[in-house]
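Undergrad: I'd like to ask you about the structure that follows.
Protein chains: 2
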Amino acid sequence: MEIDESRPIWAQLVDEFCRRIVSGEWPSGRKLPSVRELALDLGVNPNTVQKALAEVDRRGLTSTERTSGRFVTTDAEAVSAARRAIAAETVDGFAIAVSGIGMSLAEATDLLAGRWRIAVADPAARVDPEPHREPSSRTTNAADSPAQDGRTNQ
Amino acid sequence: MEIDESRPIWAQLVDEFCRRIVSGEWPSGRKLPSVRELALDLGVNPNTVQKALAEVDRRGLTSTERTSGRFVTTDAEAVSAARRAIAAETVDGFAIAVSGIGMSLAEATDLLAGRWRIAVADPAARVDPEPHREPSSRTTNAADSPAQDGRTNQ
DNA sequence: CATACTGTATTACGACAATAATACAGTGGT
DNA sequence: ACCACTGTATTATTGTCGTAATACAGTATG
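As you go down the protein sequences, you meet chains A and B in turn.
Using this note's numbering, the letters of the first sequence map in sequence onto residues 1 to 154.
Using this note's numbering, the letters of the second sequence map in sequence onto residues 1 to 154.
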C-alpha cells in the first residue's frame with residue numbers, strides 16, 4: 001500500500017483497511033494481523049495503526065476480542081453497505097471533479113474506458129497525482145497593512 | 001469553494017485555482033484577484049493563499065508582475081496540457097479506487113451514469129466522503145515490548 | 001508627490017500528526 | 001506456572017500546518 005503525505009496516515013489506513021474488507025481481501029470472520037504486525041508491514045508506528053483500527057471498529061467493520069485479536073465482522077450486510085457507501089462516495093467525487101473542469105459524462109466515460117485497463121493493471125503507466133510539494137523555494141508570506149486587510153479569518 | 005480538513009488548505013487551494021484556470025473560469029490573460037482579496041473570499045489566511053499561488057506559478061499556469069498583480073498564462077497549450085493532466089490523474093485515481101473494491105469497468109460506468117446528474121447538480125444529494133473524524137473516545141495508543149517490536153519505522 | 005494597491009518576506013504561536021518508548025492487562029499454549 | 005502474544009494506555013518529542021501581525025518594495029493613479 002502506498003502512503004502519501006497529503007493526509008494523516010491514520011486516515012489513509014482507515015480507507016485501506018475498509019477497502020481490504022469490502023473487497024474480500026480480508027473475508028468475513030477473518031482474524032486481522034496484529035497491530036504490531038500491520039505496523040511493521042506498512043512501515044508506520046503501531047500507534048497510528050491502532051488509531052486507524054479503532055475507527056474501523058467504530059464503523060462496525062471489525063471488532064476486538066481484547067486479548068485474542070481483532071476480527072472482521074460476520075455481518076455480511078454491514079460489509080456490503082460499507083462497500084456501497086465507498087462506491088457512492090468515490091463515484092460522486094469523480095463526477096464532481098471531472099464536471100468541475102468542464103467534462104461531460106460522455107467524455108468522462110470514454111476517458112475512463114480508455115484508461116481502465118492500463119491504470120488498473122500497470123502501476124507504472126498511471127498518471128499519479130501531483131505529489132503535494134512545497135512551492136519551490138519560496139517561504140509562505142502574505143499580508144501587510146494591519147487592520148482593514150485580508151485578515152478576516154476565523 | 002469547500003475546504004475540508006483532510007488535506008493542507010494550501011494544497012486544496014492549488015487544486016481549486018488550477019481548476020478555475022483549466023475550466024476557463026479564469027480565462028487566459030485574466031488578472032487574478034489579489035492575494036488579500038482571495039483570502040477574504042475563501043475565508044483563509046493570506047499566507048495560505050500566497051503559498052498556493054506560488055505553486056500555481058511554479059506550474060506555469062500563472063505569473064506575477066510583482067507589483068501590478070498576477071495573471072493567467074497566455075500559453076494556451078500550457079493550460080490545455082494542465083487540463084489533460086488533471087483529467088488523467090482524476091480518471092486513473094478513480095479507476096484504481098473502484099477496481100480496488102472489486103468493481104468492473106461496466107459497473108463503474110453504470111454507477112457513474114446513474115449518479116452523474118444528481119451528483120453534479122444537487123450538492124445536497126451527494127454522498128460525501130467520511131469526514132475524517134477522530135476514532136470515538138479512544139486516544140492513540142499502541143506498542144509494548146521494547147526491542148523486537150513493531151517499531152521499525154523511519 | 002502621496003496614497004492605495006500589488007506581491008513578497010519574517011517571526012511567533014497554538015494545534016495536531018507521527019513517532020518513540022514504555023507500561024499494563026488478559027488469553028493461550030507448553 | 002511461565003511465556004509469548006493480543007489490545008490498550010501514557011507521556012514526551014519533533015515537525016508542520018494554519019494563523020497572526022508586521023514590515024518592505026514597486027507601481028499606478030490622482
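Built from N, CA and C at the ideal position, the CB exists for glycine as well.
Values in this document were obtained by computation on a predicted structure and should not be read as measured data.
Could you tell me which whole alpha helix (DSSP H) segments of length 4 or greater appear in the region 93-134 of chain A?
TA: Counting whole runs of 4 or more residues, the region 93-134 of chain A contains the alpha helix (DSSP H) stretches 105-121.
Undergrad: Terminal residues of the continuous alpha helix (DSSP H) containing T48/A?
TA: Element bounds for T48/A: P46 to R58.
Undergrad: Find the nearest neighbour of R58/A within the set V14/A, L112/A and E107/A, judged by alpha-carbon distance.
TA: For R58/A, the nearest C-alpha among the options comes from V14/A.
Undergrad: Is there at least one Cβ from chain A nearer than 8 angstroms to S6/B's Cβ?
TA: Yes, S6/B lies at the interface with chain A (some Cβ there is under 8 angstroms from its Cβ).
Undergrad: Verify the CB distance criterion: does V120/B have a CB-CB separation below 8 angstroms to chain A?
TA: Taking Cβ atoms only, chain A reaches closer than 8 angstroms to V120/B, which makes this a yes.
Undergrad: Along chain A, which residues have their Cβ under 9 angstroms away from the Cβ of W26/B?
TA: Those do not exist, as W26/B stays about 12 angstroms from chain A at its closest Cβ, beyond 9 angstroms.
Undergrad: For F71/A, decide whether its Cβ has a neighbour in chain B, counting only Cβ atoms nearer than 8 angstroms.
TA: False, the Cβ-Cβ gap to chain B never drops below 8 angstroms.
Undergrad: Of all Cβ atoms in chain B, is any one closer than 8 angstroms to the Cβ of E77/A?
TA: No, its Cβ sits nowhere closer than 8 angstroms to a Cβ of chain B.
Undergrad: Hey, is S68/A's beta-carbon within less than 8 angstroms of any beta-carbon in chain B?
TA: Not closer than 8 angstroms to any Cβ of chain B, the Cβ of S68/A fails to qualify, so no.
Undergrad: Using the beta-carbon count (16 or more within 10 Å), is M103/A buried or exposed?
TA: So M103/A ends up on the buried side.
Undergrad: Less than 8 angstroms between the C-beta atoms of L32/A and R83/A, yes or no?
TA: Going by C-beta atoms, L32/A is not nearer than 8 angstroms to R83/A.
Undergrad: Thinking C-beta only, is R36/B closer than 8 angstroms to V72/B?
TA: No, the Cβ-Cβ distance between V72/B and R36/B is not below 8 angstroms.
Undergrad: So if DSSP puts F71/B in a beta bridge, which residue, or which two residues, is it bridged to?
TA: In the DSSP output, where bridge partners are listed per residue, F71/B has K31/B and S63/B.
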